[in-house]
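Asker: Pasting in a structure now, in structure tokens, and then I'll have a few things to ask.
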Amino acid sequence: VLHVSEAPKADARELGSSFLESSVNITEPYVQQEVLFTLRFYHLGQFLNGNIRPPSFDHAITQNIRNQFNYQKRIDGKLYEVYEWTWAFYPQKSGAMTIPPQSFNGRIQYRGVLKLVQDKTQPIELNVQPQPDTYPAQSAWLPAKEVRLTEDWQTPNPIRVGDSITRTLTLQADGLLASQLPDFQFKEQAHFHIYPDQPHTNNQATENGMQSQK
């Protein structure tokens, strides 16, 4: 005969053998601005198995940044193993936005005891700001951390009538996807013709977010 008792309620101020937390780097982003969502699973003892589902963000474009990065962190004198995931998302609609609670299910072995883990985070509330009215209406909306525009020229020497000159424009942005970068506008001139190539785009995920190039 086994008598199964209820699990003791832990002090709210005391961290258990495992817990899950989530965070964002900004709570009032502009529409289409990059928001970094980080999910961390902490545990003591030995991790056996578990699974976590990618979060869903309503009315947003999502990009995976970091998948299951592992490290250790000491909290209140206890050394926790930490698994970390990071996603970037870009809200496409202004107004209130809620990131629902995330959950983690798995098993750990702590102090010789096999424990089933069912941890959950708290929801996160965001207030997505619209594009400011003062922003120039004819300009491309680029809510990036930094934007860089450079050029490179390839010209024959000397330049003669009929020669070809190549000008390469490179637009780079931190905190945006390449699909958010605008196209260049080229106009015909009186004394030369322009033959633009198709743009080449590139996205690169870093620990600080996306870096894009066109």
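For what it's worth, my numbering labels the leading residue of the sequence shown as 4, then goes sequentially.
Beta carbons: idealized from backbone N, C-alpha and C, even for Gly.
Model, not experiment: these values are computed from the prediction.
(1) Under a three-way DSSP split, which group does S8 fall into?
(2) By how many angstroms is the C-alpha of F187 removed from the C-alpha of A193?
(3) Taking all protein chains shown into account, decide if A15 is buried (16 or more other Cβ within 10 angstroms of its Cβ) or exposed.
(4) When we look at the beta-carbon of L152 and count the other beta-carbons within 10 Å, is it buried (16 or more) or exposed?
(5) Since P94 sits in a beta bridge, which residues does DSSP pair it with?
(6) Nearest-angstrom Cα distance between T158 and S167?
(7) A91 and I111 - do their beta-carbons sit closer together than 8 Å?
(8) Any chance you could list the beta strand (DSSP E) runs of at least 3 consecutive residues sitting entirely within the segment 19-51, in chain order?
(9) Between the beta-carbon of V120 and the beta-carbon of F107, is there less than 8 Å?
Answerer: Reading it off the structure:
(1) coil
(2) 19 Å
(3) With a pLDDT of 49 at A15, under the threshold of 50, the predicted position of this residue should be treated as unreliable, though the coordinate-derived value follows. With fewer than 16 Cβ atoms within 10 Å of its Cβ, A15 is classed as exposed.
(4) exposed
(5) A63
(6) 7 Å
(7) no
(8) 21-27 and 38-46
(9) Contact: yes.
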